[in-house]
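Visitor: The listed protein sequences correspond, in order, to chains A and B.
For the working numbering, count along the first sequence from 1 and bump the result up by 34.
For the working numbering, count along the second sequence from 1 and bump the result up by 12.
Quick one: this structure, given as structure tokens, is what I'll be asking you about.
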Amino acid sequence: MLGEFEYLLITAAAGLGDKAYGAAIRAEIETTTGRRCSIGALYTTIDRLETKGLLKTWMSDATPQRGGRAKRMVRVTAKGVQAAKDFYDAVTRVSRGASWAVDRTRRAS
Amino acid sequence: MTSTSWPLVEVATRLLEPDEREAVLGDLLEAGEGGWSGLLGVLGLVVRRQLQLFRSWRPWAASFGLTLPGSLLLMGFSVTIASNCERLAHHKILIEPLGGIDEASISLFCRGLLLIGGSWVCGYVVGSVSRKTLWMSIVSCCFPCLFCLVRFREPSLSKFCLFLFLLPAVWGVHHALRLTRINLSLAILLAIAITTLTLLPTNSRGVWFLNWSLVWPAWYLVAMARQEGWKK
Chain A
35 MLGEFEYLLI TAAAGLGDKA YGAAIRAEIE TTTGRRCSIG ALYTTIDRLE TKGLLKTWMS
95 DATPQRGGRA KRMVRVTAKG VQAAKDFYDA VTRVSRGASW AVDRTRRAS
Chain B
13 MTSTSWPLVE VATRLLEPDE REAVLGDLLE AGEGGWSGLL GVLGLVVRRQ LQLFRSWRPW
73 AASFGLTLPG SLLLMGFSVT IASNCERLAH HKILIEPLGG IDEASISLFC RGLLLIGGSW
133 VCGYVVGSVS RKTLWMSIVS CCFPCLFCLV RFREPSLSKF CLFLFLLPAV WGVHHALRLT
193 RINLSLAILL AIAITTLTLL PTNSRGVWFL NWSLVWPAWY LVAMARQEGW KK
């Protein structure tokens, strides 16, 4: 099963779609969680997920916006989508009956 | 990114793979990250990458299985050869100036060849096995070198005699880092030559026994060359 940060990364990359690359994923994680995401954690996790076959990465062409530096583009594979879905299902199942989850459900309804 | 810290960040990213360096520098520029936090981020990534490398057996085998014992052995071997060379030169000049090539000269020549060949092979194997963690092998070589340098007490010999093995060893590492492929037939020839030279009898039995540890890197080189041949 995925780890928490792995799940966040896959979800952020999936949400960004064709615009998923290092800096964008990092900004997305920092904005949504309110936590700092280090470059070291980001790139080592991307590598690990790619080794597991959950992500595919490639280098894009250089763009002038980034001082002529290329981006490392990221795409979530079908296996990655399945792994994220399994993680989400497990978290949802295990949270059933938890006070914070019940409160949230009531507020939503 | 402040102008003072940016060069430091650029230097730190040189420790990364070229593609990763490109992506990381671009990300830092795009995020407009503060200089020191950018530097810390890059150093964090470098440390994580190094730690990942040390999860493999390769850097440990290269450092503690070959470089550390190999350096000690080759230093002892270097001193033995230098000492024999000095004794022989003294004998040739003062006692028997017109004497021909005797058994001692041939034996010394063979030991010299074994030192050069063995050091080169050890350097090549260390360079091939732990390309990205070579710094650890260098540290593993420096410790015994400094230890022996401090304790070296042989008035007739220069302290540099300890390091006769270094030049061929560095040459071997250089070849490995330049990804120079070793031809299988050349590797076999080298391994047979080193094994044969090790079999030759010598006056100092202890050293002769330890010389066998120079043989396995030579045959490992053969295995590597064979594997490369299969990959083609």
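Here a beta-carbon is modelled for each residue, glycine too, at the ideal position from N, C-alpha and C.
Is there a Cβ of chain B sitting closer than 8 Å to that of A:Q116, yes or no?
Guide: Reading the first sequence from its first residue, position 82 is the one you call residue 116 of chain A. Not an interface residue.
Visitor: Once DSSP output is grouped into helix, strand and coil, what is the label at A:K86?
Guide: By 1-based counting over the first sequence, the position of residue 86 of chain A is 52. Looking at A:K86 - three-state DSSP - the assignment turns out to be coil, as it is neither helix nor strand.
Visitor: Which ranges would you report for the alpha helix (DSSP H) in the region 54-113 of chain A if only whole runs of at least 4 residues count?
Guide: Here the runs fully enclosed are 56-67, 73-85.
Visitor: Contact criterion: CB-CB distance below 8 Å. Does A:T78 meet it with respect to chain B?
Guide: Position 44 of the first sequence, counted from the start, is the residue given in the question as residue 78 of chain A. Output row for A:T78: interface = yes.
Visitor: Hey, B:L233 and B:I194 are a contact pair by Cβ (cut 8 Å); roughly how many whole angstroms apart?
Guide: Position 221 of the second sequence, counted from the first residue, corresponds to residue 233 of chain B. Position 182 of the second sequence, counted from the first residue, corresponds to residue 194 of chain B. Sure, about 6 Å apart at Cβ, within 8 Å.
Visitor: Roughly how many angstroms separate the alpha carbons of B:L127 and B:R67, rounded to a whole number?
Guide: Locating residue 127 of chain B in the second sequence gives position 115, where the first residue counts as 1. Locating residue 67 of chain B in the second sequence gives position 55, where the first residue counts as 1. Cα-Cα distance, rounded: 32 Å.
Visitor: Express the C-alpha separation of B:V59 and B:L178 in angstroms, rounding to a whole number.
Guide: Counted from its first residue, the second sequence places residue 178 of chain B at position 166. Counted from its first residue, the second sequence places residue 59 of chain B at position 47. One C-alpha to the other measures close to 29 Å.
Visitor: Tell me the residue span of the alpha helix (DSSP H) that contains B:H187.
Guide: Numbered from its first residue, the second sequence carries residue 187 of chain B at position 175. Residues 178-189.
Visitor: Would you say B:E29 reaches chain A, if we count a Cβ-Cβ gap shorter than 8 Å as a contact?
Guide: Here the question's residue 29 of chain B lines up with position 17 in the second sequence. Judged by the 8 Å Cβ criterion, B:E29 is not in contact with chain A.
Visitor: Taking all protein chains shown into account, do 16 or more other C-beta atoms lie within 10 angstroms of the C-beta of A:A124, making it buried, or fewer, making it exposed?
Guide: The count along the first sequence starts at 1 and reaches residue 124 of chain A at position 90. Burial call: exposed.
Visitor: Find the residues of chain A that neighbour B:V36, judging by a C-beta separation of less than 8 Å, and give them in chain order.
Guide: For the purposes of this step, residue 36 of chain B is identified with residue 24 of the second sequence, where counting begins at 1. Per Cβ cutoff of 8 Å: G56, I73, Y77.
Visitor: Under 8 Å by Cβ, that's how I've got B:L41 and A:R103 pegged, so tell me the actual separation to the nearest angstrom.
Guide: On the second sequence, position 29 is the one that residue 41 of chain B refers to. On the first sequence, position 69 is the one that residue 103 of chain A refers to. Right, the Cβ-Cβ distance comes to about 7 Å (below 8 Å), so this counts as a contact.
Visitor: Strictly under 8 Å for the Cβ-Cβ distance: is A:K53 near chain B by that measure?
Guide: As a first step, residue 53 of chain A must be located in the first sequence, where it is residue number 19. No, because no Cβ of chain B sits closer than 8 Å to the Cβ of A:K53.
Visitor: Please list, in chain order, all residues of the same chain as B:L37 whose beta carbon is under 8 Å from its beta carbon, the five residues on each side excluded.
Guide: The sequence position of residue 37 of chain B within the second sequence is 25, counting from 1. So the qualifying residues of the chain are V21, E22, T25.
Visitor: Quick check on the DSSP output: the alpha helix (DSSP H) that includes B:E34 runs from which residue to which?
Guide: On the second sequence, position 22 is the one that residue 34 of chain B refers to. It spans 30-43 - the alpha helix (DSSP H) in which B:E34 sits, taken as one unbroken run.
Visitor: For B:A203, does the count of other Cβ atoms within 10 angstroms reach 16, so buried, or fall short, so exposed?
Guide: Mapped onto the second sequence, residue 203 of chain B falls at position 191. Buried.
Visitor: At the level of alpha carbons, what is the spacing between B:H102 and B:L211?
Guide: For the purposes of this step, residue 102 of chain B is taken as residue 90 along the second sequence, with counting starting at 1. For the purposes of this step, residue 211 of chain B is taken as residue 199 along the second sequence, with counting starting at 1. Taking the straight line joining both Cα atoms gives about 27 Å.
Visitor: Going by alpha carbons, who is nearest to A:E40 out of A:R127, A:R60, A:S94?
Guide: Your numbering for residue 40 of chain A matches position 6 in the first sequence. Cα-wise, what sits closest to A:E40 is A:R60.
Visitor: Look at the alpha carbon of B:W224 and the alpha carbon of B:L191, and state the distance between them as a whole number of angstroms.
Guide: Your numbering for residue 224 of chain B matches position 212 in the second sequence. Your numbering for residue 191 of chain B matches position 179 in the second sequence. Each residue's Cα considered, the two are about 27 Å apart.
Visitor: Between A:V110 and A:I63, how many whole angstroms is the CB-CB distance? I'm expecting something under 8 Å.
Guide: Stepping through the first sequence from its first residue, residue 110 of chain A is reached at position 76. Stepping through the first sequence from its first residue, residue 63 of chain A is reached at position 29. Contact flag wrong, Cβ pair sits at about 14 Å.
Visitor: Residues of chain B with CB under 7 Å from A:K105, in chain order?
Guide: Translated into the one-based positions of the first sequence, residue 105 of chain A becomes position 71. Within chain B, the residues near A:K105 are A35, G38.
Visitor: Please report the straight-line C-alpha distance between B:V151 and A:D120, rounded to a whole angstrom.
Guide: Within the second sequence, the letter at position 139 stands for residue 151 of chain B. Within the first sequence, the letter at position 86 stands for residue 120 of chain A. Approximately 46 Å between the Cα atoms of the pair.
Visitor: For B:E98, which residues in the same chain have their Cβ closer than 7 Å to its Cβ, ignoring the five residues on either side in sequence?
Guide: Within the second sequence, the letter at position 86 stands for residue 98 of chain B. Contacts found: S168, L169.
Visitor: Please list the partners that B:V54 has in chain A, where partner means a Cβ-to-Cβ separation under 9 Å.
Guide: Numbered from its first residue, the second sequence carries residue 54 of chain B at position 42. In chain order: I73, G74.
Visitor: Given a cut-off of 8 Å, decide if B:G56 and A:S72 are closer than it, judged by their beta-carbon atoms.
Guide: Numbered from its first residue, the first sequence carries residue 72 of chain A at position 38. Numbered from its first residue, the second sequence carries residue 56 of chain B at position 44. Contact: yes.
Visitor: Once the 5 residues before and after A:A117 are set aside, which same chain residues still bring their CB inside 6 Å of it?
Guide: The residue given as residue 117 of chain A occupies position 83 in the first sequence. Same-chain partners within the cutoff: L36, L88.
Visitor: With DSSP run on the structure shown, which of helix, strand or coil describes B:K144?
Guide: As a working mapping, residue 144 of chain B is identified with position 132 in the second sequence. B:K144: coil per DSSP, three-state reduction.
Visitor: So the alpha helix (DSSP H) B:T25 belongs to, where does it begin and stop?
Guide: Here residue 25 of chain B refers to the residue found at position 13 when the second sequence is read from its first residue. Where B:T25 is concerned, the enclosing alpha helix (DSSP H) stretches over 18-25.
Visitor: Please state whether DSSP places B:E166 in a helix, a strand or coil.
Guide: For this step, residue 166 of chain B is matched to residue 154 along the second sequence. DSSP places B:E166 in coil when its eight states are reduced to three.
Visitor: State yes or no: is the C-beta of A:A54 nearer than 7 Å to some heavy atom of the ligand GDP?
Guide: Of the ligands one can find in the structure shown there are none, so the ligand GDP has no counterpart to examine.
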